[in-house]
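Add 1264 to the 1-based position in the sequence shown for my numbering, that's all there is to it.
Remarks on the structure that follows.
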Amino acid sequence: MPRWESDAQGRLERAALELFETQGFERTTVAQIARTAGLTERSFYRYFPDKREVLFAGNELETHLVTRVEAAAPDLMPFEALLTALGTADKAFRSREFLLRRVGVIAANPALAERDLIKLADVANALTRALERRGIDSGEARFISDIAIAISRRATSRWLANPDATFSELITRAAAELRDAVTPRAPTVR
């Protein structure tokens, strides 16, 4: 591919993912990724500080969610504002296929799994700050954000496994399951 071809970052991401899948993350070098994308190592480093960040670069999801929380109606309960925002998260994802492939690469490498958790914690921190800007106490905002992230993780794994369900439906279902799990049950009469 000519070096001047557009979407260098996308080409690097696709090349890296392909190499990570075929030969493993540890055995893949930055030079191989750049060469497969038709670019130089120097070009690679313009977009990513290291090969791990190819899977974690960008903050589109975080920005999308924070924007949605901040735009939510002021009278909406904080938890509902987060669930509404999370229900639109798939609009910020690159693609379902990319996420599915990314999950496979991350699952095969403990260091990447750790980085994935750190990235998720960054999103939770950003959502906590967004709730605080809505006037929510910081402890309560953190608690609500952590619960919402757990719901999102459950919905995301289901969405990747079941392309027929919408992401919003799966967020709603996971939230309902949480409510059912913590709602006291009426005693059974014998």
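Every residue gets a Cβ at the ideal spot worked out from N, C-alpha and C, and that includes glycine.
Let me know if residue i comes out buried or exposed under the rule of 16 or more other beta-carbons within 10 Å of its beta-carbon.
i: residue 1277; result: buried
i: residue 1381; result: exposed
i: residue 1347; result: buried
i: residue 1270; result: exposed
i: residue 1447; result: exposed
i: residue 1292; result: buried
i: residue 1371; result: exposed
i: residue 1342; result: buried
i: residue 1412; result: buried
i: residue 1336; result: buried
i: residue 1387; result: buried
Check residue i in the structure and name its three-state DSSP category.
i: residue 1288; result: coil
i: residue 1343; result: helix
i: residue 1303; result: coil
i: residue 1476; result: Outside the modelled stretch of the chain, which goes from 1265 to 1454, sits residue 1476, for which no answer is possible.
i: residue 1320; result: coil
i: residue 1409; result: helix
i: residue 1327; result: helix
i: residue 1400; result: coil
i: residue 1454; result: coil
i: residue 1332; result: helix
i: residue 1428; result: coil
i: residue 1444; result: helix
i: residue 1270; result: coil
i: residue 1337; result: coil
i: residue 1312; result: coil
i: residue 1449; result: coil
i: residue 1293; result: coil
Closer than 7 angstroms: is that where the CB of residue i sits relative to any heavy atom of the ligand SAH?
i: residue 1270; result: What this structure holds is no ligand at all, so the ligand SAH is not there to describe.
Identify which residue in the options has its Cα closest to the Cα of residue i.
i: residue 1367; options: 1308, 1330, 1420, 1388; result: 1420
i: residue 1316; options: 1300, 1301, 1288, 1435; result: 1288
i: residue 1393; options: 1357, 1417, 1361, 1326; result: 1326
i: residue 1319; options: 1451, 1303, 1389, 1376; result: 1376
i: residue 1426; options: 1384, 1364, 1339; result: 1364
i: residue 1373; options: 1279, 1274, 1290; result: 1290
i: residue 1385; options: 1285, 1453, 1409; result: 1409
i: residue 1417; options: 1274, 1438, 1398; result: 1438
i: residue 1305; options: 1280, 1286, 1442; result: 1280
i: residue 1399; options: 1275, 1296, 1340; result: 1340
i: residue 1360; options: 1423, 1301, 1349, 1302; result: 1423
i: residue 1344; options: 1307, 1389, 1440, 1387; result: 1440
i: residue 1357; options: 1323, 1414, 1415; result: 1323
i: residue 1334; options: 1300, 1369, 1396, 1297; result: 1396
i: residue 1274; options: 1389, 1285, 1302, 1331; result: 1302
Practice prompt. Entirely within the segment 1347-1396 and at least 4 residues each: give me those alpha helix (DSSP H) ranges in chain order.
Written response: When DSSP assignments are scanned along the segment 1347-1396, the uninterrupted stretches of alpha helix (DSSP H) that are 4 or more residues long and fall wholly within it turn out to be 1360-1371.
Practice prompt. Would you check if there are 3 or more beta carbon pairs closer than 8 angstroms linking the segment 1426-1440 to the segment 1347-1359?
Written response: At 8 angstroms Cβ cutoff, the stretches touch.
Worksheet item: Can you find at least 3 beta carbon pairs, one from the segment 1397-1405 and one from the segment 1311-1329, that sit closer than 8 angstroms?
Response: These segments do not touch.
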